[in-house]
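Residue numbers (my numbering): 22 to 91.
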């Protein structure tokens, strides 16, 4: 799991969402959406959850410098 975007760059605003990239070793379906919803509730902010396997290479190139693995 890695944080990227405004929180990773310490540029977040009050309305910023938390961008999280996750990697799964098996296929997930509705559990992905459920995880995003649970993280929203636990953290008290909107979480934008993306799968590492689902990120297009050109998008990954834009975010890779921001990634903070947790």
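Positions of the beta carbon are idealized from the N, C-alpha and C atoms, including for glycine.
> What's the gap between the Cα of residue 88 and the Cα of residue 73?
Replying inline: Taking the first residue of the chain shown as position 1, residue 88 is located at position 67. Taking the first residue of the chain shown as position 1, residue 73 is located at position 52. Approximately 12 Å between the Cα atoms of the pair.
>> Between 34, 53, 60, which has its C-alpha nearest residue 45's C-alpha?
In response: Residue numbering aside, residue 45 sits at position 24 when the chain shown is read from its first letter. Ranking 34, 53, 60 by Cα distance to residue 45 puts 53 first.
>> Counting C-beta neighbours from all protein chains within 10 Å, is the total for residue 42 16 or more, i.e. buried, or is it exposed?
In response: Along the chain shown, read from residue 1 onward, the residue named residue 42 stands at position 21. The residue is buried, with at least 16 neighbouring Cβ atoms inside 10 Å.
> Near residue 37, which residues of its chain fall below 6 Å by C-beta distance, leaving aside the five closest residues on each side in sequence?
Replying inline: Indexing the chain shown from 1 puts residue 37 at position 16. If we look at residue 37 and ignore the five residues flanking it on each side, its Cβ neighbours are 27.
>> Spatial neighbours of residue 61 within its chain, please: C-beta separation below 7 Å, excluding the five flanking residues on both sides.
In response: In the chain shown, counting from the first residue as 1, residue 61 sits at position 40. Excluding positions up to five away in sequence, the list reads 67, 68.
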